[in-house]
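Numbering (UniProt numbering), first residue to last: 1 to 81.
Backbone N, C-alpha and C fix where the C-beta goes; we use that ideal spot for every residue, glycine too.
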């Protein structure tokens, strides 16, 4: 069974990447929000797209990885792979 921290870190990373545009809606231009939403929908958003304040909360082992890859790691951790 995979360590609980891996699953929790995956969930934290996914949550930060998925909710970025919602959380910073008022602080970002409509163009930037649209670009982030597109990256999120395509699962290509990475920690590099996060504002510095959120990058501090992002689990370090997933730095630079896209949402698709993190979801795959989470899926594999649930299957015990």
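Look at residue 37 here: in three-state DSSP terms it is helix. Bounds of the alpha helix (DSSP H) holding residue 20 are 20 to 23. The Cβ atoms of residue 19 and residue 43 lie no closer than 8 angstroms to each other.
Around the Cβ of residue 47, a 10 Å sphere holds 16 or more other Cβ atoms; the residue is buried. In this chain, the alpha helix (DSSP H) harbouring residue 77 covers 67 to 79. Burial state of residue 16 is buried, judged by a 10 Å Cβ sphere holding 16 or more other Cβ atoms. Counting the other CB atoms within 10 Å of its CB gives residue 27 a total below 16, which places it among the exposed residues.
Taking the CA atoms as reference points, residue 24 sits about 13 angstroms from residue 55.
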